[in-house]
Every structure is written in structure tokens, then in C-alpha cells.
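Here's the structure we're looking at; comments come further down.
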Amino acid sequence: MKVKWRRMPAGPIQANAYFLVSEDRSCLIFDPGGEADKINNYIKENNLKPLAILLTHAHFDHIGALDEVRDRWDVPVYLHKNEEKWLEDSSLNGSGILRGIAVTARPAERLIEGDGILDIGPFHLETLFTPGHSPGSVSYYVKDADLVISGDVLFQGGIGRTDLHGGSQNVLLDSIHQKLLTLPGHTLVLSGHGPETDIQTEQERNPFINGFSL
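Numbering-wise (my numbering), the sequence shown opens with residue 95 and increments by one.
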């Protein structure tokens, strides 16, 4: 199956929302962080058929448009069980601390428990449990498309911050080395902020990880 992807920076700090689109126009939405009208208009204008919203984690900048997009298309939300309460709690999702304005959403309909397989319509994804930036961070690997949506775990030349609730640098580095750097080197990394990169480039050039060994 041929899968196309689109990045859409959105929300107060321009977190990357992503769309995966199949040949039949079915789509998955990842991390709708804000600007619901922009997201919904893109879906409508391109005649896409949303099947689900998948969250890499529940920090406020990745969930700001969640309910508006969910309600517009009547689709379920997937989130790791470790952050089940975060959508409703601004002290956990960071909005109360970092913005001073509560960003909340209704609970997720589907809870992810760890590494596993998700088959949603024509899409076949592997869920990789990659905590460290947050305790419920998940990366979504799409082997058919040679890409992984990593949220705020791994960036071009950087890694996620670990000074927020439940963060741990050691856990984050373990996640990166055990779950992401073991993917094929040509795998495209679609990060929660900034441009795309690939596994080999980060393995060779990322100063935060290329000097670290287990």
C-alpha cells in the first residue's frame, strides 16, 4: 500500500500535526495541537476520510485541537495508558504550568499498553513505547512507508526535554537506542517539532545520542 504523509505545524508553539493518507483517501491524524479550522479544512478540501487520531503523548501543544477535530469527524483517539488522565488535567499536560491557560480534552477512546500492532483501516502500524520525554510517549512505525512518527522523543539534531512531569533523560536515551536507532537507517523520522530527518543521520550526527552507548 502506498502511503503519503503531510506535516502541518499548528497551535501555540507550532507542534507538528501529521496526516498519513492511503490510496483510497483514508487518513490518520497525529497530534492535532491547535488551529482546528486549519486541520479540518485541509481534510475537507482534500476529500480525506479520517479513521482515527493518534497521540504520541498528551502534552498541551499536541492536543489543543483534539476535541474539535475528533467531534468534526467522529473518530476515536489513541493514547498510551500511562497518560490516560493527562487530557483532562492541565497540571499534568503542562498547559497550566507553561501557558497559564488550561488546555484540556475528553478522555481517549482507545488506550495503548506498550509495543504492539495497530491495524486501522488500510494502515498497519507498530506502536513503540518510547518514554522519557513523558511517561506515555509512543512512536508509531509504519514499515510500509519507511517512517516513524516520534513525537517529542527524537528531533533533527536533538532529543526531547525531560524536565516536565514524569520525564527522565536516562529513560529517554534508553528508548531512543533500544526502539528507534534499531530501525533501518533510511527510516524517515517525523518529529513533533521541526523538520524531518532519518535514523542514520541522527545516529551519526546527533550530539545528544551519538556518544551514548548502553
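For each residue, glycine too, the CB sits at the ideal point set by N, CA and C.
Since this is a predicted model, take the numbers as computed values, not measurements.
Only residues of its own chain outside the window of five on either side were considered, and among them 170 and 171 have a CB closer than 7 Å to the CB of residue 203, listed in chain order. Counting along the chain, no alpha helix (DSSP H) covers residue 111; the unbroken beta strand (DSSP E) around it starts and ends at 109-115.
Residues 292, 293, 294 and 297 of the same chain have their beta carbon placed closer than 8 Å to that of residue 279, with the five preceding and five following residues left out of the count.
Under DSSP, residue 120 shares a beta bridge with 143. When 299, 110 and 240 are compared, the shortest CA-CA separation from residue 250 is found for 299. Between the alpha carbons of residue 180 and residue 197 lies a gap of roughly 10 Å.
With respect to the 7 Å criterion, residue 155 and residue 107 are classified as neighbours on the basis of their beta carbons. Rounded to whole angstroms, residue 140 and residue 123 show a C-alpha spacing of 14 Å. When rounded, the separation of the alpha-carbon atoms in residue 207 and residue 113 is 23 Å. Taking all protein chains shown into account, residue 185 has fewer than 16 neighbouring C-beta atoms within 10 Å of its C-beta and is therefore exposed. Residue 219 and residue 238 have their C-alpha atoms spaced approximately 9 Å apart. Residue pairing by DSSP places residue 236 opposite 241 in a beta bridge. The beta carbon of residue 246 sits closer than 6 Å to the beta carbons of 227, 254 and 286 from its chain, once the five residues preceding and following it are set aside; these are given in chain order.
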